[in-house]
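The UniProt record's numbering numbers the first residue of the sequence shown as 1 and each following residue consecutively.
The C-beta atom is built at its ideal place from N, Cα and C for all residues, glycine as well.
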Amino acid sequence: MNMLSKVEASWISGTLRTLWITAMAAPKVHLSTLPPEPVIPSKKPFKVELVGGKRYSWCACGHSKKQPLCDGAHKTKAQGLSPLRFVPEKDATVWLCGCKYTNNPPYCDGTHKQDFIVSAPLHEQSDS
Ligand code: FES
């Protein structure tokens with residue numbers, strides 16, 4: 001014995017088909033509120049001679065063309081990511097992270113040697 005009449009089954013089938021077509025035709029939206037992942041501009045750190053008392057902005061998104069420092073590219077290419085601003089107390093030569101995945105920003109902590117960085121594609125800088 002059927003639980004649904006032929007009319008009911010047809011109505012359910014038609015309704016589901018309409019919902020599916022509507023969902024497939026709807027504009028795609030980005031539902032995530034997570035900030036974007038940084039891209040990898042370099043798989044090695046940058047040796048930088050810092051000047052004590054000077055303000056620096058380390059690029060956290062990877063899109064800057066002035067690596068390892070920020071050039072403002074995050075404003076258009078990685079909204080939700082911000083540079084890390086810091087002021088060294090004294091002059092120092094340091095290794096600033098180039099892969100953008102260090103756990104001790106802005107400094108390299110060796111994360112770039114891990115497989116997920118070694119096997120990841122390098123980001124190609126573009127003018128757009
Ligand atoms: S360059 Fe990113 S951790 Fe070394």
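Using DSSP's beta-bridge definition, name the partner residues of residue i.
i, result
"T93", "E49"
"S64", "DSSP, once it has assigned bridges, lists no residue as partnering S64."
"F86", "Y56"
"Y101", "In DSSP, Y101 forms no bridge with anything."
Is residue i a contact residue of ligand 1, with contact defined as CB to any heavy atom under 7 Å?
i, result
"K44", "yes"
"T111", "yes"
"C61", "no"
"T93", "no"
"T102", "yes"
"G98", "yes"
"C70", "no"
Could you tell me whether any Cβ in chain D is nearer than 8 Å to the Cβ of residue i?
i, result
"Y101", "The displayed structure is made up of one protein chain only, and chain D is not part of it."
Which residues in the same chain have their Cβ closer than 8 Å to the Cβ of residue i, if we skip the five residues on either side of it in sequence?
i, result
"A73", "C59, C61, H63, S64 and K65"
"L122", "I40, P41, S42 and K43"
"T111", "C97, C99, Y101, T102, N103 and I117"
CB residue i to CB residue j, shorter than 8 Å?
i, j, result
"V51", "P68", "no"
Query raised in the report: Are three or more beta carbon pairs between the stretch 33-40 and the stretch 88-102 nearer than 8 Å?
Result: yes
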